[in-house]
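Enquirer:
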Amino acid sequence: MGEVAEADAELVSSSASLAATNRDGSQTSPTWKGQPGAGVAAALPSVLGRLASGTFWVALRIPINAAIGFLTIPLIVGAIGEELNGAYQFAWGFGFFQVLLEFGMSSALSRRISEAWTQRDHEAVDRTVVCGLLFYAVMTLVQCLALLAVLHLALPLTDYQGEARELIVKLLWLQIVTAPCYGLGMILASLLQAARRYEVLPLLDLIISVLRFGIMVVALRAGVPFFTIMVMVISLQIVLYFGPGFWVLFQNVGYRPTLRRPRREDVSSLVKFSAYVFILNLSMILADKVDTTVLGFALADPGPPTTVYQAVSKPFLSLRQMAWMLTGLLVPAVASLAAARDDHGLDRVKYDATRALLGVLLPPVLLAGLLAGPFLVVWMGESYRQHAGLMQLFLIAAAPLAISGLVQTAIGMGEIKFIAWTALIGAVINLPLSFVLTWVWNDVSGVIWGTVLTTLFSNLIAPGWYLWRRLEIDAGEFARRALSAPLAGVAALLVATLVLPCWVPLEPDQVGWAERVARLLLHIGVGLIAYAAGHLLTPWGRSDLRLLRDRLSARSASKQLAPADSHGSQPAATLASPSNVD
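full-length UniProt numbering applies: residue 1 is where the sequence shown begins, and numbers increase by one.
1) Using only alpha-carbon positions, find the residue among S274, P363 and V499 that is nearest to A420.
2) If I measure Cβ to Cβ from S313 and keep anything under 6 Å in the same chain, skipping five residues before and after, which residues do I get?
3) Buried or exposed: which applies to L498, given that a residue is buried once 16 or more other Cβ atoms fall within 10 Å of its Cβ?
4) Measure how close the beta-carbons of P363 and L493 come, nearest whole angstrom, since I'm counting them as under 8 Å.
5) Would you tell me roughly how many angstroms separate the C-alpha atoms of L326 and I403, rounded to the nearest one?
6) Assuming R61 and L206 form a contact by the criterion Cβ under 8 Å, report the distance between their Cβ atoms to the nearest whole angstrom.
7) Out of V169, A491, L521 and P505, point me to the one whose CA is closest to L536's CA.
8) Is it true that the CB of S269 sits closer than 8 Å to the CB of S190?
9) Please tell me whether T292 and F90 are closer than 8 Å, where the distance is taken between their beta carbons.
10) Assuming V125 and A116 make a contact with CB atoms under 8 Å, what is their CB distance in whole Å?
11) Note down the Cα distance separating F418 from G132, rounded to an integer number of angstroms.
12) Output the residue ranges of the alpha helix (DSSP H) runs that lie fully inside the segment 424-490 and measure 4 residues or longer, sorted by chain position.
13) Please return the same chain residues whose Cβ sits closer than 8 Å to the Cβ of A164, not counting the five positions on each side in sequence.
14) For I234 versus L151, is the C-beta distance shorter than 8 Å?
15) Considering only their Cβ atoms, is the gap separating A462 from T422 smaller than 8 Å?
16) DSSP three-state label for L537, please.
17) Below 8 Å on the Cβ atoms is my guess for L522 versus V504; work out the distance and round it to an integer in Å.
18) Tell me whether the segment 434-443 and the segment 365-375 touch, counting them as touching only if at least three CB pairs, one residue from each stretch, are closer than 8 Å.
19) Using the Cβ count rule (16 or more neighbours within 10 Å means buried), how would you classify T258?
20) Short check: CB of R355 to CB of A485, under 8 Å?
21) Could you tell me which whole alpha helix (DSSP H) segments of length 4 or greater appear in the segment 342-422?
22) With the cut-off set at 8 Å, would you say L282 and L100 are in Cβ contact?
23) When we look at the beta-carbon of A311 and count the other beta-carbons within 10 Å, is it buried (16 or more) or exposed?
24) Leaving out five residues on either side along the sequence, give the residues of the same chain with a beta carbon under 7 Å from the beta carbon of P508.
25) Which residues in the same chain as L406 place their Cβ atom closer than 7 Å to its Cβ, once the five residues preceding and following it in sequence are excluded?
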């Protein structure tokens, strides 16, 4: 294993030696160093118990944010036009500087602060926070310089003129002014997660998303200038995110920061873990975050093509975000299972978690591909029907999401090096390939083909082969436990969506928008029901249903008959096991 694997092993080992798990799921650990009563054991809240609440809000955010995202695009385009929307996307696309210059430090900070918090080492927490503050201060300065370079050096090379150019300048300055908020938000998130307050920030994010969309709807319809609206929503986000967040940290948790000089080992431990995370972040940015930048420089009139790209890429980007949000919690779970040498538990993650992930991802991917034309007409208007093929092409890039659970499993076991490097190699090839194809074809399809061709190899074929070997996946077991139920659901969905139009045409002549929406929703609903029916016809599909029913019954019973302990510990859900299969 590489340096990251060694760091993971050290973290798991040190945490295991300092915290014992009680029967109720809580942990017994030393109190804060220097506190009265030091050396007296104190019960900490269960990680899984608190995580359940946070996961609920994360899961709730997925469909709400997806709906808001789909509604926002036509709302903005209809209010300001394709040219200004293209300028907005071009300027706001440089937000990838934050992810790029972050160098994976947020993940390293979160792990190190959580480790020190579990150890009740207040001084180590403070030193790590100071490391983060210093790092993000430098990062903010570099980000501002990069944005100024775009403003004065890169923007003159584009064909944006007049009002579009003025909007780009204002939006770049807005990013410069608010740049320090990113690093501060990462440190706040790390501290709240270390304190097991997983639900705070996801809930705040959900509230902010809904209010931000409401403000945008009202303001755009009232004719408020678009830049003024952006200032309003960014200000709302800053106030509602940091205000309640810091109140919980200081008042509820009781954390009192003290500035302490970082040690060399503090910096070293952060750098070791962040290296490969940075490579993964860099590959993601190069793979698709710069697509709008490529369009801006490769096309003579980039505004309308950028808007088309924004529309046809939205389903894929939403699916990818959903997949990584749903699988992100596998990393700490797998690390614990690997440290305990629980091979049975690891097998359940490899096969059963993959089945669950496919069950969530396959229906929207298939329905989006089959109904791309009618969906774009309802969503963006009749003129976008011609771009249905581009949307279907982009959805091919969603294929690697099928193994995202296995990728997170490997990362949890410390096997990140190969995955990171293959992703980066594919992304590096994608950038010039997309630019050349876009420039030669003079069309938005260039960046889409570049993304699809490279991601299939670097994010599916190469890592899939590696994961198959390193995770010792059994082909027969994988087909039976991970694939049988999803494939049965796929077959039922395809039959339903192909047969239903014989009785209920999807797009009859001379129908209004409302009826189009109703027919589209009917076809989507029938497809989802058919998939669920096919999934449940298999033994493993029925075991998933029983598991969900049992967990809901257990949660209801625990609330009525057995009050939670003072720390809010709750029973944690598990994956379906072979013993539950017919």
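Heads up, the beta-carbon is just placed ideally off N, CA and C, and yes, glycines get one too. Note that the structure is predicted; figures quoted are calculated from it, not measured.
Expert: So, from the listed chains and residues:
1) For the residues S274, P363 and V499, the minimum Cα distance to A420 belongs to S274.
2) Within the same chain, S313 has close Cβ partners F394.
3) exposed
4) 6 Å
5) 13 Å
6) Indeed they touch by this definition, with Cβ atoms about 5 Å apart.
7) A491
8) no
9) Contact flag set, yes.
10) 5 Å
11) 27 Å
12) Considered as a whole, the segment 424-490 harbours 445-456 and 462-470 as its complete alpha helix (DSSP H) runs of no fewer than 4 residues, in chain order.
13) E83, L84, G86, A87 and G303
14) no
15) Yes. Within cutoff.
16) DSSP places L537 in coil when its eight states are reduced to three.
17) Here L522 really is in contact with V504; their C-beta atoms are around 6 Å apart, less than 8 Å.
18) no
19) By the Cβ-count criterion, T258 is exposed, with fewer than 16 other Cβ atoms from all chains shown falling within 10 Å of its own Cβ.
20) yes
21) Uninterrupted alpha helix (DSSP H) stretches at least 4 residues long and entirely within the segment 342-422 occur at 343-348, 354-370, 372-380, 388-395 and 404-412, given in chain order.
22) yes
23) buried
24) Cβ within range, chain order: n/a, list empty.
25) K350, T354, L467 and L471
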